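**Q** Residue numbers (the working numbering): 128 to 692.
My questions all concern the structure below.
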């Protein structure tokens with residue numbers, strides 16, 4: 128059997144896993160693998176910063192459902208990737224990060240560009256490896272992809288010393304994986320499923336609370352069938368948006384800190400809450416002691432047993448893959464005639480929620496002073512795309528306006544940083560999404576603060592001629608920080624005002640077409656022209672400095688204590 132170098136084994140392992148694109152930046156410790164990459168059919172996307180590479184891999188994974196792959200060098204190359212790795216860990220995103228490392232003989236000697244990236248990333252990876260022998264390399268790659276995508280998805284790091292990349296060994300990629308101690312439960316317990324169905328049947332005001340686990344499991348179709356079959360309304364977390372089509376009357380939209388009045392009031396009044404692939408994050412629950420106070424029964428379905436009862440004590444836990452469990456629940460409810468008798472009560476409950484929505488709609492009164500309303504920006508975006516696009520956001524006010532107002536009709540359409548809340552996520556994630564879904568339109572919605580965190584990736588956009596549209600909602604502030612300072616810090620705006628560059632000129636310096644919108648009457652025609660312009664475009668949109676995301680739950684508050692102005 129022909130021998131390959133460790134670097135060649137890396138490339139052949141990626142090919143065996145079906146990898147067609149990697150995101151990375153070369154450096155001394157990873158050069159043998161980069162040299163082998165040049166002879167392969169794998170496309171390499173050269174980033175301008177390693178954090179950008181990890182977010183691109185996240186965007187690729189979120190849009191495709193397949194793991195994204197990152198290739199970086201040792202030391203600062205690896206440490207620059209840590210934010211994206213932590214982001215992927217919080218949001219259950221499967222990525223494989225391959226980091227170069229100094230030769231094994233120099234590890235621990237403070238060699239040039241040495242960093243203990245295995246130790247650094249231990250708290251924010253599902254697993255990580257330091258490869259010490261080339262003969263282990265193929266097995267490690269097989270295991271890494273399996274771990275990253277099985278059970279609750281997440282990031283896996285493979286640290287690859289330079290001498291291991293240069294050693295030779297016969298290559299045979301394993302057919303299967305056997306890892307003692309890692310055997311996630313995928314099928315739900317039949318007894319627990321029966322208890323859950325019975326609890327739903329007994330309830331008068333059931334409510335589904337849906338998180339990102341539905342999308343990672345590919346279970347949107349099963350969720351939709353179950354919700355429609357029962358007639359039970361559905362609220363979604365930020366990461367769960369698009370699991371049920373927004374146009375479905377049963378879809379209540381987002382719950383939590385910036386959820387609507389109707390959705391949060393529904394949570395406060397449900398007597399049976401069914402959490403599906405959600406983790407009861409603090410941005411959802413508000414004050415834990417007052418979360419879902421009238422729920423006689425809380426059901427929690429999740430593939431990760433450590434998430435169950437971690438924040439909120441549940442009555443009926445079901446551990447398993449969301450898609451498989453929902454299929455089992457569907458089988459249990461089909462032909463169950465007694466459920467039909469519950470429909471009138473559940474219909475009244477749904478109508479009550481819709482009435483709450485009419486009482487307090489989101490952003491009922493727009494601005495009339497000629498300034499550009501962010502609400503109008505989101506409406507115009509939906510009009511120009513017909514809703515059929517992938518939206519990648521950064522973190523801040525613009526993120527919440529998109530979540531509140533853009534009606535996502537299908538899964539894998541919103542890419543955003545949920546758990547870690549990483550500014551600088553949006554642009555590289557949008558780039559990664561375009562490689563995952565080249566036939567879908569990709570739009571990045573960012574803010575003047577967030578876009579500057581990874582603005583250099585416009586160089587990647589320009590070099591690759593990536594057809595994405597970038598909208599910058601520009602209020603010359605760190606908008607969400609300013610909003611909190613206004614309401615909770617006595618209007619003491621401590622370093623939240625921001626000096627902003629000319630984004631149009633920066634875009635043009637990269638060879639990207641730039642537009643600027645300052646007045647309300649410019650919004651529709653300029654955005655139309657921008658979206659009709661072939662290739663990448665950046666639109667700088669000036670919005671009012673004092674615009675706020677409302678409603679909101681104050682810090683430490685309960686869902687019933689929402690602020691509306």
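Heads up, the beta-carbon is just placed ideally off N, CA and C, and yes, glycines get one too.
None of the values given here were measured: they were computed from a predicted structure.
#1: Assign residue 254 to one of three DSSP states: helix, strand, or coil.
#2: Classify residue 354 as helix, strand or coil using the three-state DSSP reduction.
#3: In terms of residue numbering, what span does the beta strand (DSSP E) encompassing residue 160 cover?
#4: Can you give the Cα-Cα distance for residue 445 and residue 480, rounded to whole angstroms?
#5: Expressed to the nearest angstrom, what Euclidean distance is found between the alpha-carbon atoms of residue 218 and residue 402?
#6: Quick one: complete beta strand (DSSP E) runs, 3+ long, within the segment 441-475?
#7: Identify the continuous beta strand (DSSP E) that holds residue 296 and give its terminal residues.
#8: In three-state terms, what does DSSP make of residue 692?
#9: Which same chain residues end up closer than 8 Å to residue 650 when comparing Cβ atoms and leaving out the 5 residues on each side of it in sequence?
#10: Using a Cβ-Cβ cut-off of 8 Å (strictly less than) and excluding sequence neighbours within five positions of residue 208, which residues of its own chain qualify?
#11: Give the single residue among 251, 296, 478, 269 whose Cα lies nearest to the Cα of residue 358.
#12: Straight-line CA distance for residue 611 to residue 395?
#13: Which runs of the beta strand (DSSP E), 3 residues or longer, sit entirely within the segment 160-226?
#14: Counting only runs that start and end within the segment 515-577, where is the beta strand (DSSP E) found for 3 or more residues in a row?
#15: For the alpha helix (DSSP H) that contains residue 510, what are its first and last residues?
#16: So is residue 634 in contact with chain D if we call contact Cβ pairs under 7 Å?
#17: Quick check on the burial criterion: 16 or more other C-beta atoms within 10 angstroms. Buried or exposed for residue 469?
#18: What residue does the alpha helix (DSSP H) around residue 273 start on, and which one ends it?
#19: DSSP state of residue 336, grouped into three classes?
#20: Under 7 Å between the Cβ atoms of residue 519 and residue 542?
#21: What first and last residue would you give for the alpha helix (DSSP H) that runs through residue 627?
#22: How far does the beta strand (DSSP E) with residue 148 in it reach, from first residue to last?
#23: When the Cα atoms are used, what is the spatial distance from residue 362 to residue 312?
#24: Enumerate in chain order the residues of its own chain whose CB-to-CB distance from residue 423 is below 7 Å, with the five nearest sequence positions on each side excluded.
#25: What does the Cβ neighbour count give for residue 272, buried or exposed, with the cut at 16 atoms within 10 Å?
#26: Flag this pair as yes or no: are the beta carbons of residue 584 and residue 329 separated by less than 7 Å?
#27: Does the segment 359-378 come into contact with the segment 445-464, if we say contact requires no fewer than three beta-carbon pairs (one atom in each stretch) closer than 8 Å?
#28: Is there contact here, the segment 134-154 with the segment 263-283, by at least three beta-carbon pairs under 8 Å?
#29: Taking buried to mean at least 16 other C-beta atoms within 10 Å of its own C-beta, is residue 531 buried or exposed?
#30: Taking the alpha-carbon of residue 320 as reference, which of 428, 432, 192 has the nearest alpha-carbon?
**A** The short version:
#1: Of the three classes helix, strand and coil, the one that applies to residue 254 here is strand, per DSSP.
#2: Per DSSP, reduced to three states, the secondary structure at residue 354 is helical.
#3: Membership of residue 160 in any beta strand (DSSP E) is not indicated; the residue belongs instead to the alpha helix (DSSP H) covering 158-164.
#4: The straight-line gap from Cα to Cα measures roughly 27 Å.
#5: If you take the alpha carbons of residue 218 and residue 402, they lie about 17 Å apart.
#6: List check, beta strand (DSSP E) in window: 443-446.
#7: From DSSP, the beta strand (DSSP E) with residue 296 extends over 295-297.
#8: Coil.
#9: Once the five neighbours on either side are set aside, the close Cβ partners of residue 650 are 499, 503, 504, 507, 644, 668.
#10: Hits under 8 Å: 177, 178, 180, 181, 197, 199, 224, 226.
#11: Out of 251, 296, 478, 269, 478 has the C-alpha closest to the C-alpha of residue 358.
#12: Approximately 24 Å between the Cα atoms of the pair.
#13: Those beta strand (DSSP E) runs which fall completely within the segment 160-226 and span 3+ residues are 170-173, 195-199.
#14: Within the segment 515-577, the complete beta strand (DSSP E) runs of at least 3 residues are 516-520, 568-574.
#15: For residue 510, the enclosing alpha helix (DSSP H) stretches over residues 501-512.
#16: The structure shown contains no chain D, having only a single protein chain.
#17: Label assigned to residue 469: buried.
#18: Here the alpha helix (DSSP H) through residue 273 covers 264-276.
#19: Look at residue 336 here: in three-state DSSP terms it is strand.
#20: Yes, Cβ-Cβ distance for residue 519 and residue 542 is below 7 Å.
#21: Neither: residue 627 is in no alpha helix (DSSP H) and is coded neither H nor E.
#22: Per DSSP, the unbroken beta strand (DSSP E) holding residue 148 starts and ends at 148-151.
#23: Looking at the backbone, the Cα of residue 362 and that of residue 312 are separated by about 26 Å.
#24: Counting only residues of its own chain and dropping the five nearest sequence neighbours on each side, residue 423 has a CB closer than 7 Å to the CB of 398, 399.
#25: Classification for residue 272: buried.
#26: With respect to residue 329, residue 584 sits apart: the two C-beta atoms are not nearer than 7 Å.
#27: No, the segment 359-378 does not touch the segment 445-464.
#28: Short answer: they touch.
#29: Buried is the call here.
#30: The residue with the shortest Cα to Cα distance from residue 320 is 428.
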